[in-house]
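Undergrad: Okay, here's the structure, questions in a sec.
In my numbering, the protein residues as written are -14 to 249.
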């Protein structure tokens, strides 16, 4: 089995393997070194988790967080850690990942009480603990019918599954949580050492590295005006009952889109 290893789109080396091998083990076996954290692999131009098994001739390119694809994987993985931390700290929390804001994403979470600065400190400490534990994100490829069972109490997730394009869905288990994302996650939480949380009432900003600075968290710059614009945009979405993409898909499916266009 011939595996062509690419770097920045160009052939770097060719290796021959007698048996199937995971992309992660291939990277270690060939002692490949990268300037930034590697989070996934592209095999014949399709992105897979690092645990993916290579069993035929192919070209391979490893993806690190200094790329847009790699940063998105890092962000999704870190959001999963955030979700677990919140679920472990608060009773039956509701988490809404709203929108990108600067070098992070704005999130609102609700339990019995409104979020406070002390809560944000607790969430950050729990995330740091979970990252130190380096627990794996367990990938599972399931059919839609199987996936529905894991999210039968979450109407929004069920709507998202209805419009998911692939037959098999990559679902991850992390602790007691199950979720799916637009693409793979890193192998384990220990990959996610760079992050920050900032309290921005009534929610918070989960901050990440950036493509320009993938090895550090930058100086925090409040984007108050932009947040106000997003809040107003969200208010109109609620009025039109269009808080989620899956809701918009349903409107289109039910031939209600002209009504939405006229109102907006």
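A virtual CB, placed ideally from N, CA and C, is assigned to each residue, including glycine.
All values derive from a computational prediction rather than experimental measurement.
For the alpha helix (DSSP H) containing residue 106, list its first residue and its last residue.
TA: Where residue 106 is concerned, the enclosing alpha helix (DSSP H) stretches over 102 to 118.
Undergrad: Taking the beta strand (DSSP E) that residue 181 belongs to, which residues open and close that run?
TA: Where residue 181 is concerned, the enclosing beta strand (DSSP E) stretches over 181 to 185.
Undergrad: In or out: residue 178 buried (at least 16 other Cβ within 10 Å) or exposed?
TA: Flag for residue 178 reads exposed.
Undergrad: Helix or strand or just coil, what does DSSP make of residue 177?
TA: Note: residue 177 maps to coil in three-state DSSP.
Undergrad: Whose C-beta lies closer than 8 Å to the C-beta of residue 74 among residues of the same chain, with five residues either side of it excluded?
TA: Result list for residue 74: 104, 107, 108 and 111, in chain order.
Undergrad: Roughly how many angstroms separate the alpha carbons of residue 160 and residue 70, rounded to a whole number?
TA: Each residue's Cα considered, the two are about 10 Å apart.
Undergrad: For chain D, is any of its Cβ atoms less than 9 Å away from the one on residue 190?
TA: As a matter of chain content, chain D is missing from the structure shown, which is built from one protein chain.
Undergrad: With distances taken between CB atoms, is the gap from residue 149 to residue 157 smaller than 9 Å?
TA: No, they are not a contact pair.
Undergrad: Using only the alpha-carbon positions, how far apart do residue 125 and residue 153 sit?
TA: Taking the straight line from one Cα to the other gives about 10 Å.
Undergrad: Could you tell me the distance, in whole angstroms, from the CA atom of residue 42 to the CA atom of residue 3?
TA: If I take the Cα positions, the gap works out to 11 Å.
Undergrad: Below 8 Å on the Cβ atoms is my contact criterion, and I expect residue 21 with residue 172 to pass it. Report the Cβ-Cβ distance as a whole number of Å.
TA: The pair is not a contact, with the Cβ atoms about 16 Å apart (cut-off 8 Å).
Undergrad: Starting from the Cα of residue -7, find the closest Cα among 13, 6 and 26 and give me that residue.
TA: Checked all of 13, 6 and 26; the closest Cα to residue -7 is 26.
Undergrad: So, is residue 34 buried or exposed, given that buried needs 16 or more other C-beta atoms within 10 angstroms?
TA: Flag for residue 34 reads buried.
Undergrad: Within 8 Å, do at least three Cβ pairs link the stretch 89 to 105 to the stretch 126 to 136?
TA: Segments in contact, no.
Undergrad: Kindly provide the ranges of any beta strand (DSSP E) runs that are 3 or more residues long and lie completely inside the stretch 26 to 65, ordered along the chain.
TA: Within the stretch 26 to 65, the complete beta strand (DSSP E) runs of at least 3 residues are 31 to 33 and 43 to 49.
Undergrad: Within the continuous alpha helix (DSSP H) that includes residue 191, where are the two ends?
TA: Segment 188 to 192 is the beta strand (DSSP E) holding residue 191; no alpha helix (DSSP H) there.
Undergrad: Using the C-alpha atoms, what's the distance from residue 66 back to residue 120?
TA: One C-alpha to the other measures close to 10 Å.
Undergrad: Give me the DSSP bridge partner(s) of residue 96.
TA: BP columns for residue 96 are empty, so no partner.
Undergrad: I'd like to know whether the C-beta atoms of residue 5 and residue 39 end up nearer to each other than 9 Å.
TA: It is a contact, given that the beta carbons lie within the stated cut-off.
Undergrad: What residues match up with residue 128 in a beta bridge as DSSP calls it?
TA: The partner list for residue 128 (beta bridge, DSSP) reads 153.
Undergrad: Say whether the stretch 45 to 57 touches the stretch 78 to 85, bearing in mind that this needs 3 or more beta-carbon pairs closer than 8 Å, one atom from each stretch.
TA: The stretch 45 to 57, when compared against the stretch 78 to 85, does not touch it at the 8 Å Cβ threshold.
Undergrad: In this structure, how does DSSP classify residue -2 when only helix, strand and coil are distinguished?
TA: Three-state result, residue -2: strand.
Undergrad: Could you pull the DSSP bridge partners for residue 84 from this structure?
TA: In the DSSP output, where bridge partners are listed per residue, residue 84 has 91.
Undergrad: Ordered along the chain, which non-local residues of its own chain (more than five positions away) have a Cβ less than 7 Å from that of residue 116?
TA: Only 66, 174, 175, 177 and 178 meet the Cβ criterion.
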